[in-house]
Each structure stands twice: as structure tokens, then as C-alpha cells.
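Please read the structure below before turning to the comments.
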Amino acid sequence: MIRLNAKLPTLIALLCSLAAAAGCAVEPTSDEASVASTSEALTADESVVERKTTDDGVELVTTELGPHQYRIVTSATFDRPVARVWPTFLDFQNLVELGLPGSASDFVWVDGGSPQKVPSSFQFISGGETIHEEVYYRDNHTHTMRYRLLQPALGFVEIDSVLQLENVRGRAHYTATRVVTLDPNLPVEALSSLLVLETANLKTYFAKKK
């Protein structure tokens, strides 16, 4: 049985506060017809619980895979070519600081890790707890990176993520696919809204970057 983290109510409030601009909610806001048509392509055990496109062009699809387990996909097109975007991804500290500014601190590579080495683990502080993760795969040709949570924290039990950049008419199309297992008391809508905000922040950064 998963124990309820004592700081979980604080985390939920933090997620909703940070994701307010992305429309944080504790109830699914999917269009039922859209969800029904999408679900036809899923397995019997999977169902779409949220699907939307924000005003700033971030797409979100959240699929329930099992009890407290979800696949959350966010995507957006950045106003820069892949060759200009990918170097920023090579140091994960950039993604932490640009994606959610002000919500994380004390980033450090640990156990001999570094931006140049894969696999490499790192940690940072968020919500008063240490988040310990590892970049375990990176392909500079397909512009793909995989990373995972190494130990449960803040109501996150497991997270396995794939980040990918693809060239679409000379611009970088970004897709982040995360398979997550959550504490039963952590609403998935709070996390998905936070990931939408993270994607929007990255999109804004590259739109401004010269």
C-alpha cells in the first residue's frame, strides 16, 4: 500500500498554483465525443481522461493505463529549428530551470553524473523535498532523451519520460511522453496542467531566444 506523503496537500496546492495559467482542475475537462473517438484506438484497459489544446498551442492527451497509472503527452512546436533547440536539452538543468522557473532549486549532478555522460543522475529541491532522477538514454541523431524518477517523492511513485524533437517545416516539434504512477490522493489533472505549463514556458523561451 502506498503511504500518503505528509506534504501531499501542500504539493497539490503548489501544482495548482503553478499551473493556474494552464487551467488546473481536479475534474476531467475532456470533450466527451473527442474522448470516445480517441478511446477506440486504445486497449480495453486504457481510456483518455483529458484531451485539450491551449490558446498558446500546447496539446495535451492524458490516458489512464491502470489504477493510478497514466500516460501524459504534451506537445508543441517551437519557433526555432531543431539544431537550435537540441543543445539546450543536453544539460537537464536547463530544462528544470526554464520549464518551471522558481519551483526548483539546488540542482546538482550526483554520483559522477554530468551533462556529457549518459546515464547520469541528478537531484534538485522542489516542494521541500529532494527529487532524484536519471537521464538514462540520449540519441543525438533522433534528438530523443529518456529519463526516470529514481525514488518516490511528493506523491510521485514512478515516472518514466521520453522527450523528442522532430523537424516540422523547419521548426522543432517537441513531444514529451510520460508514464507516471501517482499516489492515490494526487489528482492527475494537477500534474498534467503543470506539464502543460512547463511546455508553454519552453515554447515561450525559444520564441524569444535569438
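Residue numbers for the sequence shown, in the UniProt record's numbering: 1 to 210. Backbone N, C-alpha and C define an ideal beta-carbon position, used for all residues, glycine too.
Counting other Cβ atoms within 10 Å of its Cβ, residue 141 stays below 16 and is therefore classed as exposed. Apart from sequence neighbours up to five positions away, the residues of its chain that approach residue 135 with a beta-carbon distance below 7 angstroms are 92, 118, 119, 120, 145, 147, ordered along the chain. When only Cα atoms are considered, residue 78 and residue 206 end up about 6 angstroms apart. By the neighbour-count criterion, in which a residue is buried when 16 or more other Cβ atoms sit within 10 angstroms of its Cβ, residue 70 is buried. In the DSSP secondary-structure assignment, residue 76 is bridged to 174.
A residue is called buried when at least 16 other Cβ atoms come within 10 angstroms of its Cβ; residue 203 meets this threshold and is buried.
A distance below 8 angstroms between beta-carbons, with the five flanking residues on each side excluded, links residue 168 to the following residues of its chain, in chain order: 77.
Using a Cβ distance threshold of 9 angstroms, residue 176 and residue 161 count as a contacting pair. Around residue 88, the same chain offers 94 as residues with beta carbons nearer than 7 angstroms, after the five sequence neighbours per side are excluded. Around the Cβ of residue 155, a 10 Å sphere holds 16 or more other Cβ atoms; the residue is buried.
When DSSP states are grouped into helix, strand and coil, residue 108 belongs to the strand group. Rounded to whole angstroms, the Cβ separation of residue 170 and residue 81 is 6 angstroms, and the two are in contact under 8 angstroms.
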